[in-house]
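Below: one structure, written as structure tokens.
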Amino acid sequence: MLFLKQTIRKTANKPSLFIVCDLLLFLYMYKIFQTQGIIINEEERGESDRVLTVFTENFGKIRLYARGSRKIKSKLAGRLALFNHANIYFIRGKKREIITDAYILNNFVNTRQNLDRIKIAFYVGNLIDNLVVASECDKKLWTAISWIFENIERGVIYNENNVFLRLFEIKTLEYLGYLPDFSKNNPFDFNPRILQILRIISSQPRRTGRLALTEVDLRGLKSATGLMLNMIY
66 MLFLKQTIRK TANKPSLFIV CDLLLFLYMY KIFQTQGIII NEEERGESDR
116 VLTVFTENFG KIRLYARGSR KIKSKLAGRL ALFNHANIYF IRGKKREIIT
166 DAYILNNFVN TRQNLDRIKI AFYVGNLIDN LVVASECDKK LWTAISWIFE
216 NIERGVIYNE NNVFLRLFEI KTLEYLGYLP DFSKNNPFDF NPRILQILRI
266 ISSQPRRTGR LALTEVDLRG LKSATGLMLN MIY
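What follows is the structure, encoded as structure tokens:
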């Protein structure tokens, strides 16, 4: 309300058209947006602030300014921890989007207590941060990211050679338009066994958990997806 009073005061002597434009700008700037999101990266700013990279359900990957969130007494400190899945409220300022409130939906406590799982969470966060550029809503990718963090938490994905981690990498590449068409060619000259597995995972993802894979297969898959990812970033 204070912002509105100040805006009205500043526009008192302006022509009516300019007043309307100023008020519309005010309403846009201070509209509160709400979305679910998973915090995938963070940077410290100043003495007590952070800039969070969040992959959200409604806006895709966005960067949000969390004022005072590093203060011990801040209500946002625990709610905006790295990898939290939260309901986030923010406004669009002149230079940045600023978080006004947040509520935890899942803090993935089991992941935080296990070194192997937290390493995978860091890997997934960095992967998404590096691959995704545009701030656009992507429901498929949001579903995939939610799925991967839930399965890390449940212990389904427990090490870096896990086939479901490969499934996530492959589907992420597909949704972003980077995945080669394995049904027609073999652009990276993968060995026939790995190529066959890649074809199944990419075209029939529900079969992934039923594949009989050896340790050699798992290492080969990791090398294959790693090669594809290295071509992008």
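When the count follows our numbering, it moves up by one through the sequence shown with no breaks and lands on 298 for the last residue.
Note that the Cβ used here is the ideal one computed from N, Cα and C, for glycine as well.
Every value quoted in this text rests on a predicted model; they were computed, and no experiment measured them.
Are there 16 or more other CB atoms within 10 angstroms of the CB of A167, so buried, or fewer, so exposed?
buried
Mind reading off the beta-carbon distance from F229 to N216? Whole number of angstroms is fine, and I expect it under 8 Å.
6 Å
Quick check on the DSSP output: what are the complete beta strand (DSSP E) runs of length 3 or more inside the region 158–224, in order along the chain?
162–171
Less than 8 Å between the beta carbons of E107 and L170, yes or no?
no
Please report the distance separating the alpha-carbon of V281 from that of I266.
17 Å
Within 10 angstroms of its Cβ, does S134 collect 16 or more other Cβ (buried), or is it exposed?
buried
Just verifying my parser: in three-state terms, what is the DSSP assignment at N149?
coil
Separation of Q261 from R132, as counted between CA atoms:
50 Å
Nearest CA to the CA of L241: which residue from I193, V174, Y95?
I193
Buried or exposed (CB count within 10 angstroms, at least 16 for buried), N149
buried
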